[in-house]
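Asks: Following this message is one structure expressed as structure tokens.
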Amino acid sequence: MTRLVRTTYLGLLVLASGCEGWKTPGDPPPSLDAELRQRLGGQYGVVPIVAPPTQPPALVTLGQALMFDKVLSGNRDIACATCHTMAAHATDGITISIGTGGTGTGASRTLGPGRQFVPRNAPTLLNTGLGAFYLFLDGRVSGVGAGFFNTPAGAALPPGLPSALAAQAMFPVMSREEMRGNRGDRDRFGNPNELADFDDTAFVGVWQAIMRRLLAIPEYVSLFNAAFPGTPTSALGFQHAATAIAAFQTQSLTKLDSPFDRYLAHDDAALTAEQKRGALLFFSDKARCGSCHSGPLLGGNGFANAGVPQLGPGTGSGAPLDFGRGALFNQEFYRFAFRVTPLRNVELTAPYMHDGAFATLEAVLHHYNDVQRTLREYDPSGLPAALQLMYHGDGATITAMLATLDGRLGQTLGLNDQEIGELVAFLESLTDPSARDLSALVPARVPSGLPVGE
Numbered sequence: 040m041t042r043l044v045r046t047t048y049l050g051l052l053v054l055a056s057g058c059e060g061w062k063t064p065g066d067p068p069p070s071l072d073a074e075l076r077q078r079l080g081g082q083y084g085v086v087p088i089v090a091p092p093t094q095p096p097a098l099v100t101l102g103q104a105l106m107f108d109k110v111l112s113g114n115r116d117i118a119c120a121t122c123h124t125m126a127a128h129a130t131d132g133i134t135i136s137i138g139t140g141g142t143g144t145g146a147s148r149t150l151g152p153g154r155q156f157v158p159r160n161a162p163t164l165l166n167t168g169l170g171a172f173y174l175f176l177d178g179r180v181s182g183v184g185a186g187f188f189n190t191p192a193g194a195a196l197p198p199g200l201p202s203a204l205a206a207q208a209m210f211p212v213m214s215r216e217e218m219r220g221n222r223g224d225r226d227r228f229g230n231p232n233e234l235a236d237f238d239d240t241a242f243v244g245v246w247q248a249i250m251r252r253l254l255a256i257p258e259y260v261s262l263f264n265a266a267f268p269g270t271p272t273s274a275l276g277f278q279h280a281a282t283a284i285a286a287f288q289t290q291s292l293t294k295l296d297s298p299f300d301r302y303l304a305h306d307d308a309a310l311t312a313e314q315k316r317g318a319l320l321f322f323s324d325k326a327r328c329g330s331c332h333s334g335p336l337l338g339g340n341g342f343a344n345a346g347v348p349q350l351g352p353g354t355g356s357g358a359p360l361d362f363g364r365g366a367l368f369n370q371e372f373y374r375f376a377f378r379v380t381p382l383r384n385v386e387l388t389a390p391y392m393h394d395g396a397f398a399t400l401e402a403v404l405h406h407y408n409d410v411q412r413t414l415r416e417y418d419p420s421g422l423p424a425a426l427q428l429m430y431h432g433d434g435a436t437i438t439a440m441l442a443t444l445d446g447r448l449g450q451t452l453g454l455n456d457q458e459i460g461e462l463v464a465f466l467e468s469l470t471d472p473s474a475r476d477l478s479a480l481v482p483a484r485v486p487s488g489l490p491v492g493e
């Protein structure tokens, strides 16, 4: 049974009936471009992305400071940009993330004594401002536009959030493993971590405590007042901070000038012949990539159990396994299913899948070529030693995963090495050159005075 939910966002995604090729008897064979454009604009709904509105500069400036400031974390030792470092293209470049208590950044980051891994891979923040309906790998935050959002906070979510991306920014600070820390922790200065004393569902208490920290810093008061000139300082809440973080992501991390974007704008020369062949294969009944990765974002609006090997500590009641969306209330149907990741700039954001199980795009494609075999034969020896011990490849786990495997992945695809190479070439065409170096986004300092680069 298909485990994919499609959601239309603001009229961007127009799904129309289409066909794989020009099949009327007597018609001449179409050119490579004609056939590819027919597929893109037909059943796969791949149309040019509408760029988001320009964000107010004062809001972006505040959001940049908050993004890189460790003052948001309980122990004052980790920022949003630690797991979404600009050096690793707004992710962290490691299999599953290391949160508070860790040391170093990117591939050199190490787990702190007595700490637990964050259960999942850190998704890139590139192009998160484009309006995907579901956020987080299990889609636990969802919504469109400004208004009602489904979130773990329920009715405790404050009003006034302008987007699902802003709503999403409310929650990493709640995670003990990511940013908040554990009861009894002391921060980098030896002071008690007051954020960790709140219960895990005390959303409002944690958010208010973070705002007390921020508004005790005069520079932040000035930045908030500039970003929200109509809001008295006494009325500022963490929803304003989250709105600013989302504005920074939208303004600074939206990258829409890839060769594929130029091709969608009718520049036939933007893609090489190999990339075009890869695109035709991607959007075909053979590779079937486009059955999930469709629409302007090439994904982001559905869920699938792709048979990805289980790594890490797991989450919730399923631990040491990660049930993905299936762990959410009334979503048991989606056990082991995770959000279908948007693919733009995917070349830059290894390792891949919800738990970073695959180091390269080639490895991902080999997995999809024969999901059942690669799941059973997965070799964790290339992982860090601690994660090798957290690989769950026992027969019972594999049987349970295959029982809910997405129906489109039950059969082998029969892709050869040349075809896999062409698919990789197409995926590389989704990279905006400006996304390769994001170092200019890193501020020299942040208002708290805490270090930025460590």
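Every position in the sequence shown, counted from 1, becomes a number in this note's numbering once 39 is added. We put the CB at the ideal spot given by N, CA and C, even for glycine.
(1) So for L101, helix, strand or coil by DSSP?
(2) Alpha carbon to alpha carbon, what distance is there between P96 and T289?
(3) Would you call H279 buried or exposed, if buried means 16 or more other Cβ atoms sit within 10 Å of its Cβ?
(4) Between which two residues does the alpha helix (DSSP H) holding K315 run?
(5) By DSSP, does F298 sit in helix, in strand, or in coil?
(6) Three-state secondary structure (DSSP) at Q82?
(7) Can you find at least 3 beta carbon pairs, one from the stretch 424 to 441 and one from the stretch 166 to 184, that sit closer than 8 angstroms?
(8) Alpha carbon to alpha carbon, what distance is there between P87 and A304?
(9) In whole angstroms, what is the alpha-carbon distance linking A309 and G269?
(10) Exposed or buried, what is A129 when buried is set at 16 or more other beta-carbons lying within 10 Å of its beta-carbon?
(11) Let's test the definition: count the other Cβ atoms within 10 Å of the Cβ of E461 and tell me whether it reaches 16, buried, or not, exposed.
(12) Going by C-alpha distance, which of D306, L295, S136 is nearest R159?
(13) Taking its Cβ as the centre, do 16 or more other Cβ atoms sit within 10 Å of E416, making it buried, or is it exposed?
(14) Say whether the stretch 147 to 159 touches the stretch 351 to 364, bearing in mind that this needs 3 or more beta-carbon pairs closer than 8 angstroms, one atom from each stretch.
(15) Quick one: is G325 buried, meaning 16 or more other Cβ sit within 10 Å of its Cβ, or exposed?
(16) If you reduce the DSSP assignment to three classes, tell me which class N408 lands in.
(17) Please go through the same chain and pick out, in chain order, the residues whose beta-carbon is closer than 8 angstroms to the beta-carbon of Q103, but skip the five residues on each side of it.
(18) Kindly identify the DSSP beta-bridge partner or partners of F342.
(19) How do the stretch 447 to 461 and the stretch 323 to 338 stand: do at least 3 beta-carbon pairs fall below 8 angstroms, yes or no?
(20) Which residue from R475, T293, N166, L164 puts its Cα closest to that of L387?
(21) Kindly list the residues whose CB is nearer than 6 angstroms to the CB of C119, restricted to its own chain and excluding five residues on each side of it in sequence; keep chain order.
(22) Counting C-beta neighbours from all protein chains within 10 Å, is the total for N369 16 or more, i.e. buried, or is it exposed?
(23) Alpha carbon to alpha carbon, what distance is there between S261 and R115?
(24) Confirm, please, whether the CB-CB distance from A396 to A281 is below 7 angstroms.
(25) Which of the three DSSP states, helix, strand or coil, is assigned to P231?
(26) Can you tell me whether DSSP reads Y173 as helix, strand or coil?
(27) Leaving aside the five residues before and after P486 along the sequence, list all residues of the same chain whose C-beta is less than 6 angstroms from its C-beta, in chain order.
(28) Who are the Cβ neighbours of G65 in its own chain at under 6 angstroms, not counting the five residues just before and after it?
(29) Please check the pair L404 and V463, which I expect to be a contact at CB under 8 angstroms, by giving their CB distance rounded to whole angstroms.
(30) Provide the residue(s) that pair with V180 in DSSP beta bridges, ordered along the chain.
(31) Which runs of the alpha helix (DSSP H), 4 residues or longer, sit entirely within the stretch 120 to 208?
(32) Classify G141 as buried or exposed, calling it buried when 16 or more other Cβ atoms lie within 10 Å of its own Cβ.
(33) Is it right to say A55 is buried, meaning 16 or more other beta carbons lie within 10 angstroms of its own, or is it exposed?
(34) Measure the alpha-carbon distance for L400 versus S273 and round it to whole angstroms.
(35) Does the stretch 373 to 390 touch the stretch 327 to 344, meaning 3 or more C-beta pairs lie closer than 8 angstroms?
(36) Grab the span of the alpha helix (DSSP H) containing S473 for me, first residue to last.
Replies: By the coordinates alone:
(1) helix
(2) 12 angstroms
(3) buried
(4) 312 to 321
(5) The amino acid at residue 298 is misidentified as Phe; the sequence shows Pro. Helix.
(6) coil
(7) no
(8) 7 angstroms
(9) 46 angstroms
(10) buried
(11) buried
(12) S136
(13) exposed
(14) yes
(15) Residue identity check: residue 325 is Lys in the sequence provided, not Gly. By the 10 Å Cβ count, K325 comes out exposed.
(16) helix
(17) F287, S291, L480, P482
(18) R378
(19) yes
(20) R475
(21) M106
(22) exposed
(23) 21 angstroms
(24) no
(25) strand
(26) strand
(27) A104, I256, E258, Y259
(28) Legend: pLDDT at G65 = 47, less than 50; position of this residue unreliable, value from coordinates given subsequently. Closer than 6 angstroms at Cβ, skipping near neighbours: no residue.
(29) 7 angstroms
(30) L174
(31) 203 to 207
(32) buried
(33) Residue confidence is low: A55 scores 35 on pLDDT, short of 50, so the model does not pin down where it sits. Its coordinate-derived value is still stated next. So A55 ends up on the exposed side.
(34) 49 angstroms
(35) yes
(36) Segment: none, S473 is in no alpha helix (DSSP H) and carries neither H nor E.
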